[in-house]
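The opening residue of the sequence shown carries number 1 in the UniProt record's numbering; numbering runs sequentially from there. Report on one structure; see the data block that follows.
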Amino acid sequence: DGQVFGFGSNVYGQLGMGRSTFWSEKEPLPIGVNMTSALQGKIITQISAGDEHSLVLSSEGHVFGFGMNQYGQLGIGRTSGKESLPVTVNTSHIFLPASHTTRIFAGKYHSFLSYCHSRACFGNDHRYPMVCSGHGECVQEDLCSCHKGYTEPNCSHALCFDVSGKSDEVCYGHGRCVSPNTCECMLKEGFLGERCNQFLCGRILNTEKTNVCSGHGTCIEPDTCECYSMHYGPECEGNVWTIILAVCIPLLVLTGGCTIFSCASLSTCVTVIVVKLFKKAKKANQEMQLTQNLLQGFVRDMEMDEMDADSQRARLIVQKSMLEIDFNELSHLEKIGSGGSGAILFRASWNGSKVAVKVFKSGLLSGETFFNEFEHEVSLMSTLRHRNIINFYGCSLAYPRIAIVMELCESGSIETLIEKGTLQKKPSHIILQMLLDVAEGMNYLHSRGVIHRDLKCANVLVDEHGVCKLTDFGLSKYTKDQVAKAHTVGIGTSYYAAPEVARGSGEYDESVDVYAFGIMAMEMLLARMCPFPGDTQNPLLVQQRAVQDADYRPDLYGLDDKYSFLRWVLKQCWHHDPSVRPPFRDIVKILKSSLFDTEH
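Quick look at the structure:
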């Protein structure tokens with residue numbers, strides 16, 4: 001009902017009770033501000049407490065003050081010792097709009113009033129970070145000016161190659177537009193490519209006109225060839241004339257000749273029979289379900305070449321994608337670090353763009369385990385399309401240079417920013433935006449049924465625009481096909497690993513990523529690694545203690561006061577009980593709200 005309560009010092013009447021108290025007296029419990037004078041019938045919507053005076057704002061946009069007025073800080077047009085009852089601030093010479101656009105601030109010897117004209121676009125205030133769906137500016141009431149690549153009216157639909165995301169024709173009708181010029185294809189149905197207009201017949205893309213359907217037909221839809229005249233078979237590999245000749249020639253030899261009429265009649269009969277057999281085979285082929293892999297659309301074989309005296313050669317056959325990049329297309333390789341899975345990271349040029357190349361050491365290229373893991377990481381990365389997920393471009397399969405080509409983030413990882421002291425210099429709203437980036441990326445992964453399993457500062461890269469992007473999916477796990485949710489044990493990195501993972505029980509869910517997020521969030525807010533109390537020289541010992549002691553967690557009171565509102569959610573994130581940890585969709589909402597409050 002707009003009632004205000006105050007507590008603490010009241011020497012100058014700054015609690016608005018109608019009286020002041022001595023220096024030695026305090027008001028340790030909330031007591032109501034006097035609402036019988038200037039505040040009678042008013043609903044207070046905003047308060048600001050200074051050192052020796054206070055300001056309140058009513059729902060009508062009127063400002064009231066009480067307390068010390070020696071320097072005129074109450075704005076009543078005169079100075080006085082103190083005012084213990086609320087008095088009206090004199091705003092007759094200025095225009096103050098409605099209360100929701102006015103801001104008040106009470107300092108020590110001064111006060112400030114500010115306001116901005118408010119406008120809303122589709123129910124959101126123009127200052128809200130997600131106004132115009134986060135992809136534009138609210139320039140007039142319900143009129144958004146969309147960023148490049150997004151369409152009006154509220155900028156909620158991305159443009160993919162000049163087609164709106166809300167159109168049935170976007171991505172050729174075989175996918176959805178998830179961001180500007182980024183199609184997420186219906187892989188399960190067999191569509192792929194940049195615009196989802198490509199698919200396979202057998203092992204060959206429909207765009208390879210000379211090879212598709214054995215060169216004797218047209219690939220009209222996934223694994224469906226429309227054969228040219230006199231050709232048949234699932235891939236148009238059969239030729240009717242071979243059957244006709246195979247029948248006619250022996251008959252000619254046996255009979256010593258054949259009239260043109262009889263041979264033609266025989267050919268016609270054979271053709272009819274072949275066509276019927278072909279139609280029957282084609283129907284059976286269409287009804288046969290193709291083998292699907294983890295990502296419901298990418299099917300890959302692994303074939304090991306014959307072993308020779310020097311080395312074991314390996315080669316991957318990519319069947320359902322356009323993922324292969326010739327290693328010779330990569331130039332100006334420059335080593336920039338090491339990644340997970342025993343890989344070396346390079347900066348390189350490809351098609352005129354700077355890219356990152358993750359090259360696996362040749363010593364790993366043996367045995368089925370490596371290729372299973374490599375196939376898994378490539379398969380997963382190739383289907384993920386999100387602003388906060390590293391962009392995947394393709395892979396090199398030329399033994400022994402097995403590599404993944406992906407987006408280059410020149411700023412490095414969050415861990416690098418912490419170690420260099422760069423993160424510590426960033427303002428709070430930037431840190432919160434980075435946390436929001438990570439949370440939104442994780443929320444996307446979980447919505448796709450994917451557990452990252454190795455979320456940490458080293459696996460979050462920062463691009464040139466300061467946008468955080470998740471990477472290193474070598475340990476990620478698809479969960480939708482795991483009803484029991486029993487997974488590989490011993491994964492994750494040291495103190496980031498949730499207790500249930502570190503214990504090696506083998507049973508866990510998406511909440512393990514929430515635990516890791518809580519730890520890495522604390523590292524980002526404190527700008528230092530391994531934020532646990534005590535001796536943290538040995539991360540493994542830190543992890544062991546965190547598993548055994550549910551209270552052994554980072555010290556939340558080490559946070560700066562400007563981040564104090566995050567203490568409760570971080571405590572929930574690293575809770576010992578997985579069921580208590582909040583889902584990322586809730587964390588995203590909290591961070592968006594916090595970011596809005598911080599900026600405004």
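The beta-carbon is built from N, C-alpha and C at its ideal position, and this holds for glycine as well.
Which residues mark the beginning and the end of the alpha helix (DSSP H) in which residue i is found?
| i | result |
| --- | --- |
| G18 | Careful: G18 lies outside any alpha helix (DSSP H) and carries neither H nor E. |
| T416 | 414-420 |
| Y515 | 511-526 |
| R347 | No alpha helix (DSSP H) holds R347; the beta strand (DSSP E) holding it covers 343-350. |
| A546 | 539-548 |
In or out: residue i buried (at least 16 other Cβ within 10 Å) or exposed?
| i | result |
| --- | --- |
| R553 | buried |
| S447 | exposed |
| residue 601 | For the chain, the structure presents residues 1 to 600; residue 601 sits outside this window and is missing. |
| G297 | Only weak support exists for where G297 lies, its pLDDT of 34 falling under 50; the coordinates are left without a value. |
| W574 | buried |
| Y150 | buried |
| P234 | buried |
| L540 | exposed |
| E306 | Because the pLDDT of E306 is 33, which lies under 50, any placement of that residue in the model is unreliable, and the number read from its coordinates should be weighed accordingly. Per the 10 Å Cβ criterion, exposed. |
| K592 | buried |
| V378 | buried |
| F532 | buried |
| G13 | buried |
| G518 | buried |
| residue 626 | Past the boundaries of the shown model lies residue 626; the chain is included only from 1 to 600, so the question cannot be answered. |
| Q424 | exposed |
| E83 | buried |
| L57 | buried |
| G238 | buried |
| G394 | buried |
| S24 | exposed |
Can you tell me where the beta strand (DSSP E) holding residue i begins and where it ends?
| i | result |
| --- | --- |
| A502 | Not the beta strand (DSSP E): A502 falls in the alpha helix (DSSP H), residues 499-502. |
| M406 | 401-407 |
| Q424 | Neither: Q424 is in no beta strand (DSSP E) and is coded neither H nor E. |
| E189 | Per DSSP, E189 belongs to no beta strand (DSSP E) and is neither H nor E. |
| L143 | 143-146 |
| V462 | 460-462 |
| R176 | 175-179 |
| S229 | First-last for S229: undefined, no H or E at that position. |
| V11 | From DSSP, V11 is part of no beta strand (DSSP E); its letter is neither H nor E. |
| S396 | 392-398 |
Which residues in the same chain have their Cβ closer than 8 angstroms to the Cβ of residue i, if we skip the five residues on either side of it in sequence?
| i | result |
| --- | --- |
| V462 | C409, S411, G412, S413, I414, L417, M434, C468, K469 |
| C146 | C132, H135, G136, E152, C155 |
| R503 | V547 |
| V170 | C160, V163, S164, R176, C177, C183 |
| A38 | F64, L85, P86, V87, T88 |
| E141 | R119, A120, C121 |
| N388 | D437, V438, E440, G441, Y444, V467, C468, K469, L470 |
| E500 | E507, Y508, V512, P578 |
| S20 | N10, V11, Y12, G13, K82, S84 |
Go through its chain and collect everything with a Cβ distance to residue i's Cβ below 6 angstroms, but skip five positions before and after it.
| i | result |
| --- | --- |
| M186 | H174, G175 |
| V131 | C121, N124, C138 |
| Y71 | Y109 |
| F199 | G190, F191, N206, P222 |
| L566 | none |
| P582 | Q572 |
| S511 | P578, R581 |
| C196 | C171, Y172, H174, G175, C183, C185 |
| F5 | P30, G32 |
If you run the structure through DSSP and keep just helix, strand and coil, what is residue i?
| i | result |
| --- | --- |
| C155 | coil |
| V355 | strand |
| H576 | coil |
| L323 | coil |
| residue 636 | Residue 636 falls outside the range modelled here, since the chain spans only 1 to 600, and no answer is possible. |
| T57 | A small correction: the amino acid at residue 57 is Leu; Thr does not occupy that position in the sequence shown. Three-state result, L57: strand. |
| R567 | helix |
| D51 | coil |
| D125 | strand |
| K562 | helix |
| F199 | coil |
| Q292 | For Q292, the pLDDT reaches just 33, beneath the cut-off of 50, and the residue's location in the model is therefore unreliable, although a value from the coordinates is still provided. In this structure, Q292 counts as coil in the three-state DSSP scheme. |
| C248 | helix |
Looking only at its chain, what residues have a beta carbon closer than 7 angstroms to the beta carbon of residue i, apart from the 5 residues adjacent to it on each side?
| i | result |
| --- | --- |
| K456 | T493, Y496, A516, M520 |
| H332 | A348, S349 |
| L570 | G518, A521, M522, L556 |
| N391 | M406, E407 |
Does chain C have any CB closer than 8 angstroms to the CB of residue i?
| i | result |
| --- | --- |
| K82 | No chain C is present in this structure, which holds just one protein chain. |
* **Segments of 3+ residues assigned as beta strand (DSSP E) that fall wholly inside the UniProt repeat "RCC1" (61-117)** => 63-69, 80-88, 102-106, 111-115
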